[in-house]
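Asks: Under UniProt numbering, the first residue of the sequence shown carries the number 1, and numbering increases by one thereafter.
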Amino acid sequence: PGPPGPAGPALSAHRVSVVYGGRAGGTAGSAGSAATAGTVAVREVDLELARGQVTALMGRNGSGKSSLLWALQGSGQRHAGRVAVAGQDPGAVPARTARSLVGLVPQTASDLLYLETVEAECAQSDADSGAAPGTSRAVLDALAPGVPGDRHPRDLSEGQRLALVLAVQLSAAPGVVLLDEPTRGLDYHAKDAFAVLVRRIATEGEGRAVVVATHDVEFTAQAADRVLVMAEGETVAHGATPDVVVSSPAFAPQVAKVLSPQEWLTVDQVRLALEST
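(1) Give every residue of the same chain whose Cβ lies closer than 7 Å to the Cβ of ALA34, excluding the five residues on either side of it in the sequence, and list them in chain order.
(2) Round the Cβ separation of ALA102 and GLN73 to the nearest angstrom and send it over; I've been treating them as touching at under 8 Å.
(3) Round the Cβ separation of VAL105 and GLN53 to the nearest angstrom and send it over; I've been treating them as touching at under 8 Å.
(4) GLU234 lies in the alpha helix (DSSP H); which residues open and close that run?
(5) Alpha carbon to alpha carbon, how far is ALA120 from ALA213? Give it in angstroms, no decimals.
(6) DSSP state of HIS189, grouped into three classes?
(7) Can you tell me which of the three DSSP states ASP150 falls into?
(8) Given a cut-off of 9 Å, decide if ALA167 and VAL198 are closer than it, judged by their beta-carbon atoms.
(9) Go ahead and pull the three-state DSSP assignment for VAL93.
(10) For SER66, count neighbouring Cβ atoms within 10 angstroms of its own Cβ and tell me buried if that reaches 16, exposed if not.
(11) Out of curiosity, what's the CA-to-CA distance linking SER75 and GLU218?
(12) Starting from the C-beta of PRO133, find all residues in its chain whose C-beta is less than 8 Å away, skip the five residues before and the five after it, and write them out in chain order.
(13) For a test of the three-state rule: what should DSSP assign to GLY8, helix, strand or coil?
(14) Ignore the nearest five residues each way along the sequence and tell me which others in ALA31's own chain have a CB closer than 8 Å to its CB.
(15) What residues are listed by DSSP as bridge partners for GLU48?
(16) Note the first and the last residue of the continuous alpha helix (DSSP H) segment covering ASP180.
(17) Give every residue of the same chain whose Cβ lies closer than 7 Å to the Cβ of PRO9, excluding the five residues on either side of it in the sequence, and list them in chain order.
(18) Mapping the DSSP letters down to three states, classify GLN73 as helix, strand or coil.
(19) GLY64 to GLU232, Cα distance in whole Å?
(20) DSSP three-state call for VAL19: helix, strand or coil?
(21) Can you check the region 77 to 137 for any alpha helix (DSSP H) of at least 4 residues that lies completely inside it and give the ranges in chain order?
(22) Within 8 Å: the Cβ of THR39 and any heavy atom of the ligand HEM?
(23) In this structure, does DSSP put THR277 in helix, strand or coil?
(24) How is ARG60 classed by DSSP in three states: helix, strand or coil?
Rendered as structure tokens:
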């Protein structure tokens, strides 16, 4: 767990439901039946996120992970349920205010980049979030030092592009950060570095709540404090990372499978255990 932040959860969600193609049984910010028809993507999910913690959101394709993230962020569909961040509903406030509550990096991070240079993206981000000029660039330099300001975002490496999008989101200083499949396209070393970065984002300052939707069990073992597993739109498991991943062969990292019944999840944990004996 990270440093103590403001009292209470960073985000609380109650009976959040998302339905596509049906008639809603409630509206954003209200509880109620999900819908009378249509495809249920998320079914009455309850969730609390704490500052200083990383939560891995896991489940098969189509289990509702992305739909839940967008519903929590506020711009996605939410047919029923309540979401509160710092006492406000991200889906019921102006866009600039919403950015200061929840930041979301989508599956294709480059979808958020549309200008010709890194410098232009950073400047526009500062303007959009009402941040002081240079804020996004300072965040980018902290996340990925040395990214040229005159370079086109499409010419960056996957890791640099991901860092730029994170800088754009973090410039608004949200207390909650949501990442949808951020490790896709990253090689082993880049994923290892990104796990360290995610921990930093969660724990620096007063702390942030970070949620990472992922299929990567090794990344989860390294970066996540807690794991939430979804299936068919519902939460089927939620708890501390060792408790959840060790109990499920589908989500257990290789170290846990090989060294069962020991509850080590990563090579670093094994090394530290051996050094302490």
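Just so it is clear, CB atoms sit at the ideal spot from N, CA and C, and this is done for glycine as well. Note that the coordinates shown come from a computational prediction; the quantities given were computed from them, not determined experimentally.
Replies: Reading off the structure:
(1) At ALA34, the pLDDT of 44 sits below 50, so the modelled position is not reliable and the matter cannot be decided from this model.
(2) It is Val, not Ala, that sits at residue 102 in the sequence shown. The pair is a contact, with the Cβ atoms about 5 Å apart (cut-off 8 Å).
(3) Between GLN53 and VAL105 the Cβ distance is about 18 Å, and since that is not below 8 Å, they are no contact.
(4) First-last for GLU234: 234 to 240, but that is the beta strand (DSSP E), not the alpha helix (DSSP H).
(5) 29 Å
(6) helix
(7) coil
(8) no
(9) coil
(10) buried
(11) 30 Å
(12) ALA123, ASP126
(13) coil
(14) Legend: pLDDT at ALA31 = 38, less than 50; position of this residue unreliable, value from coordinates given subsequently. Hits under 8 Å: HIS14, ARG15, ALA80, GLY81, ARG82.
(15) SER12
(16) No alpha helix (DSSP H) holds ASP180; the beta strand (DSSP E) holding it covers 176 to 180.
(17) GLU48, LEU49, ALA50
(18) helix
(19) 7 Å
(20) strand
(21) 95 to 101, 118 to 129
(22) Among the ligands in the structure shown, none appear at all, so the ligand HEM cannot be discussed.
(23) coil
(24) coil
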